[in-house]
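Residue numbers (our numbering): 75 to 408. Think of the CB as a built atom: it goes at the ideal place given N, C-alpha and C, for glycine as much as any other residue. It should be emphasised that the depicted structure is a prediction, and the values quoted were computed from it without experimental measurement. Shown next, in C-alpha cells, is the structure this report addresses.
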Ligand code: SF4
C-alpha cells in the first residue's frame with residue numbers, strides 16, 4: 075500500500091514505473107529505503123526524508139508452541155498494535171490484522187475492549203501488517219493465504235481504510251489474496267455492514283454474535299443496545315444475498331452464560347434460513363470474569379444445533395499460550 079509514496083513520486087514528476095520498483099522491493103523483503111536498490115541513490119535519500127518505506131515496524135515478537143506468531147508493531151506516531159500469524163497445514167498461513175489501535179466498543183470478554191478507544195489505522199498501516207507477514211511466511215517457504223480482520227478494533231468503524239487495504243491485499247499487483255480468503259469480523263456495526271453490501275470485493279463477513287437473546291448479548295456487548303440481534307441479522311442477510319456467501323456467526327461458548335440447550339435452540343431458530351454458518355469458539359480467559367464452557371457443555375450445545383439442522387464448526391484457539399487468541403490482543407508483552 076504505497077498511496078502516500080505514489081502521490082509523492084507523482085508530485086516530483088517521477089515516471090510511473092518508480093512506484094512499481096518500490097512495490098517490488100517491499101515484496102522482496104526491503105526493510106528501509108537503502109534496500110530499494112533499483113531506485114537512484116539520490117531519490118532514495120529524498121524519499122527517506124519524507125516518508126517511511128513501511129508504516130508499521132516490528133517491535134517485539136513471540137512464537138507459540140503451535141507455531142502461531144504474534145507481533146507487536148509500532149506505528150509512525152508510536153502506537154502499539156498487534157497482528158497474529160497462524161500456521162496451518164501445507165504451508166498456508168492466516169494473518170489476523172488490527173484495524174484500530176484499541177477499541178471503543180467495550181465487549182466485556184475482550185482484552186482489546188478493556189484498553190478503550192484508540193485511533194483508526196490508515197489503509198497503509200493495515201495493509202503493511204499483511205505485507206510484512208507475507209514476507210515472513212515466504213521466508214519459511216509458506217504462503218499468506220488468508221487474512222481475517224479479527225485483531226484489535228472494530229473494522230467497520232473504519233471502512234474507508236479497511237476497504238482500501240482489502241483492495242491492495244486482493245489485487246494481483248498487491249498480495250493476490252482471493253476475496254473468499256479475506257474475512258471481516260464485526261461486533262455488529264450495522265452502517266458498516268450496509269457499506270459492505272455496496273463494496274465491490276465480495277469478502278467474507280463474520281458477525282460476533284455470542285448470544286441468542288438481546289438481554290444476554292447486551293450484557294456481553296454494549297453495541298447490542300444500539301443494534302439489537304434482529305437488526306444486525308437483517309443487515310447480514312442483505313450481505314449474504316448480495317454476495318451469495320454465507321455469513322459466519324462467531325459464538326464464544328461461555329460457561330453458564332450462553333451455552334445451554336435452550337440458548338442453542340434459540341440461536342438455531344434465528345439462523346435456519348441457509349444464509350449463516352455457525353463457528354463455535356473456545357473462550358480464552360482474559361479478565362477472569364468469564365470461563366469457557368466445559369467440553370461436555372460445548373458438545374451438548376453443538377448437538378442441539380445439529381438437531382435443529384445447523385452444522386456448526388468448532389474453532390480451536392491458536393496461540394493461547396502467548397495471548398494471541400481471540401479476545402486476547404491488548405499489547406501484552408510479546
Ligand atoms: S471484541 Fe472486537 S469490537 Fe468488541 S471490544 Fe474487542 S476488539 Fe472491540
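Residue nearest to residue 323 within the set 315, 306, 191, 334 is 306 (criterion: CA-CA distance). Judged by DSSP in its simplified three-state form, residue 260 adopts strand. Sequence-distant partners of residue 118 (beyond 5 residues in either direction) whose C-beta falls short of 8 Å from its own C-beta, in its chain, are 107, 108, 110.
Out of 317, 208, 128, 174, the CA that lies nearest to the CA of residue 150 is found in 128. For residue 310, the uninterrupted alpha helix (DSSP H) segment begins and ends at 303–317.
The C-beta distance from residue 275 to residue 316 rounds to 12 Å, too long to meet the 8 Å contact threshold.
With contacts defined as CB atoms closer than 7 Å, residue 157 and residue 225 qualify as a contacting pair.
Shown here, residue 328 sits in a strand according to DSSP, grouped into three states. Here the alpha carbon of residue 327 sits roughly 6 Å from the alpha carbon of residue 357. Residue range 130–137 is occupied by the beta strand (DSSP E) that includes residue 132, with no alpha helix (DSSP H) assigned at that position.
Note: residue 388 is bridge-paired with 354 in the DSSP secondary-structure output. Counted as a single uninterrupted DSSP element, the stretch harbouring residue 278 is not any alpha helix (DSSP H) but the beta strand (DSSP E) occupying residues 278–282. Put simply, the region 228–236 does not touch the region 244–256. Fewer than three CB pairs are less than 8 Å apart. Shown in chain order are the residues whose CB sits closer than 5 Å to a heavy atom of the ligand SF4: 177, 179, 181, 184, 186, 187, 228, 261.
The Cβ atoms of residue 223 and residue 259 sit closer than 7 Å to each other. Judged by their CB atoms, residue 147 and residue 175 are not nearer to each other than the 7 Å cut-off. Looking only at 368, 206, 81, the smallest Cα-Cα distance to residue 135 is reached by 206. DSSP, read as helix, strand or coil, puts residue 373 in helix. No Cβ-Cβ contact shorter than 7 Å links residue 264 with residue 304.
141 is the residue among 325, 141, 268, 269 whose C-alpha sits nearest the C-alpha of residue 210. Looking from the CA of residue 215, the closest CA among 92, 165, 329, 301 belongs to 165.
For residue 366, the secondary structure class from DSSP, reduced to helix, strand or coil, is strand. In this structure, 279 is the residue among 385, 82, 83, 279 with its C-alpha nearest to the C-alpha of residue 314.
Comparing alpha carbon positions, the residue from 350, 95, 126, 286 closest to residue 341 is 286. In the DSSP assignment, residue 194 is bridged to 174. Checking the DSSP bridge columns, you'll see residue 220 partnered with 168.
With fewer than 16 other beta carbons inside 10 angstroms of its own, residue 288 counts as exposed.
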